[in-house]
Structure formats: structure tokens, C-alpha cells
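Below is one structure; the comments refer to it alone.
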Amino acid sequence: MKKYLIILTVIFLNFNLNAQVIDGFIYVTNEIPTIKVELRYFSKNNFVGEKIDGYHSNTPILTKEAAKALKKVQKILAEKNLSIKIYDAYRPQQAVNHFWKWAKNVNDTLMKHEFYPNVAKKDLFKEEYIATRSRHSSGSTVDITLIDLTTNKDLDMGTPYDFFGPESWVDFNGVSKEQKENRDLLQSVMLANGFRNYPKEWWHFTLKNEPFKNIYFDFEVK
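Be aware that the sequence shown starts at 1, since it is given in full-length UniProt numbering, and climbs by one per residue.
Here it is, written out as C-alpha cells:
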């Protein structure tokens, strides 16, 4: 009897290790089929300039709680003929490690002109653009923008996603009236539906009552 019990335990552990999504997490597109997705770290269109470790599909993952809160936001935006577009959601720790290793190589400045033109790469840690841990790895943080469903174009937020500099701060005053209104709309709808922002990134939001706070997962995005 003990022999069979041991075998069953091993099978159960292997199943969990090989699972694409662990308990408490879901595929966002299953919860919100209308949402738009462009996971930048599954492409070369990011500040590193290459696909990032741990991203194997353009499939955003979040905790169940975060996805349900985001669904409420999407419903409100639909009334304005708008949609959320996700740039990043759950982020494996191995992706964060990839950023850390890249930042240590100060000679690799392939994407500097587009993403950090006014920041020396050696200062990315000091100025907190790169860190060894990310709220994304806890599963309840999203990087998003808004898209106009009539034109199928992103609303103009004044800077690209992942632009390192004060121009990306939520309260930056150097944007146009239209850009400010677009940022304010994004902020207001997210904050009214259970998320808090990050003042230095207009695109970054974390569920206020995140279920896995300060727990950093590393299962891959598949």
C-alpha cells in the first residue's frame, strides 16, 4: 500500500511541475475574450531588443482576482468603444533575471534611442527602472494601454510603453491636452475598479488586494 502511495505522490508532483498555469491563475483571454494582447516580451519590440526568457506565447496570465477586476474595466470601456490592450501581465522571475543580466552589460545599448535616450544604462538600477524583483511575478499586476475599436489604434499616451524617463510619470505635465486626457481616463477607470497605479509608469497597475503579495512565481508563459 505504501509503495502505491509513493508512486501516486510522485505523479501528482510531476503534474503540477509541468502544468502551464498553477492554481489561482488563469488565462486572461478565457476570462475576457474581447481583450487585446501584445505581450512585448514575447517579441523583440522591447527595451532589451530580444524575446525575453520565460515567454513562449502571446498569452497573458493573471490571478483570478486580477482578471475578474480587469473584466469590469473592459466592460466599462466597451461602452466608450474602447478596449484594454495588455503589454504584460504575470511575469516569470526568469524574465526579471534576464532584465537584470542585460542591465549589467552596459555595452548593449541596441534599444537606447527608443526606450531610454536620456538615461545612462549604468544608472538603470539606481534610478529603479530595473530591479531584482517585480510585482508582476506575483501575478496581479498588468501593463496596459487603451485602444480605439473604431480605428484599431492605440490612444496616444505621450510616450511608448516602457519608456524610461519622467515623461512616463503619471503626473508629467509636458504632454498635450489629448495625451493628458487619455492618461487620466486610463488612470480613473483602473483606480475605480480595484487597482492602484505606479506613479512613474502610466501603464502599470496592481490589484489592491493581490492574493500572492511578495510571492514571486517562475512558471513560464505558455
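Built from N, CA and C at the ideal position, the CB exists for glycine as well.
Closest to M111 by CA distance: which of V96, K44, E167 is it?
Working through the sequence shown from its first residue, we reach residue 111 at position 111. Cα-wise, what sits closest to M111 is K44.
Per DSSP, what kind of secondary structure is I22 in: helix, strand or coil?
The sequence position of residue 22 within the sequence shown is 22, counting from 1. Reduced to three states, the DSSP call for I22 is coil.
Just list the residues that DSSP pairs V201 with in beta bridges.
For the purposes of this step, residue 201 is taken as the residue at position 201 of the sequence shown. The residue you asked about is not Val; residue 201 is Glu in the sequence shown. The secondary-structure analysis by DSSP pairs E201 across a beta bridge with Y198.
Tell me the DSSP secondary structure of I86 in three-state form.
Counting from one through the sequence shown, the residue named residue 86 turns up at place 86. Reduced to three states, the DSSP call for I86 is strand.
Let me check understanding here. Comparing Cα to Cα, which of L39, F47, E65, H56 lies closest to S138?
Position 138 of the sequence shown, counting from 1, holds the residue named residue 138. Taking only the C-alpha atoms, the option nearest S138 is E65.
Counted within 10 angstroms of its Cβ, other Cβ atoms place D184 as buried (16 or more) or exposed:
Translated into the one-based positions of the sequence shown, residue 184 becomes position 184. An exposed status is given to D184, since fewer than 16 other beta-carbon atoms sit within 10 Å of its beta-carbon.
Confirm, please, whether the CB-CB distance from N105 to T150 is below 8 Å.
Here residue 150 is taken as the residue at index 150 of the sequence shown, counted from 1. Here residue 105 is taken as the residue at index 105 of the sequence shown, counted from 1. Against a cut-off of 8 Å, the Cβ pair of N105 and T150 comes out as no contact.
For K36, the residue or residues it bridges with in DSSP:
The count along the sequence shown starts at 1 and reaches residue 36 at position 36. In the DSSP output, where bridge partners are listed per residue, K36 has K85.
Give me the Cα-Cα distance between Y161 and I61, rounded to the nearest whole angstrom.
One-based indexing of the sequence shown puts residue 161 at position 161. One-based indexing of the sequence shown puts residue 61 at position 61. Distance from the CA of Y161 to the CA of I61, rounded to the nearest whole angstrom, comes to 19 Å.
To the nearest angstrom, report how far apart G174 and W202 are at their CA atoms.
In the sequence shown, counting from the first residue as 1, residue 174 sits at position 174. In the sequence shown, counting from the first residue as 1, residue 202 sits at position 202. Answer to the nearest angstrom: the Cα atoms are 14 Å apart.
For V175, does the three-state DSSP call read helix, strand or coil?
Reading the sequence shown from its first residue, position 175 is the one you call residue 175. Note: V175 maps to coil in three-state DSSP.
Span of the alpha helix (DSSP H) holding T59?
Numbered from its first residue, the sequence shown carries residue 59 at position 59. Looking at the DSSP string, T59 is not in any alpha helix (DSSP H), and its letter there is neither H nor E.
By a C-beta neighbour count over all protein chains shown, 10 Å radius and 16 as the cutoff for buried, is R135 buried or exposed?
In the sequence shown, residue 135 corresponds to position 135, counting from 1. Burial check for R135: the Cβ neighbour count within 10 Å reaches 16 or more, so the residue is buried.
Hey, could you find the ends of the alpha helix (DSSP H) T29 is sitting in?
Sequence index remark: in the sequence shown, residue 29 carries index 29 (1-based). Residues 28 to 31.
Below 8 Å between beta carbons: does that hold for V221 and H56?
Walking along the sequence shown from the start, residue 221 turns up at place 221. Walking along the sequence shown from the start, residue 56 turns up at place 56. With contacts defined by Cβ atoms closer than 8 Å, V221 and H56 form a contacting pair.
If you reduce the DSSP assignment to three classes, tell me which class L124 lands in.
Counted from its first residue, the sequence shown places residue 124 at position 124. Coil, per DSSP.
With a CB to CB cut of under 8 Å and the five nearest residues on each side skipped, what residues in its chain are close to K51?
Within the sequence shown, residue 51 is the residue found at index 51, counting from 1. Closer than 8 Å at the Cβ level, and outside the excluded window around K51, lie Y41, F42, S43, K44.
Am I right that Q74 and S83 are in contact with their C-beta atoms under 8 Å? What's the rounded C-beta distance?
The sequence position of residue 74 within the sequence shown is 74, counting from 1. The sequence position of residue 83 within the sequence shown is 83, counting from 1. A Cβ-Cβ distance of about 7 Å is found for the pair Q74 and S83, placing them in contact under the 8 Å criterion.
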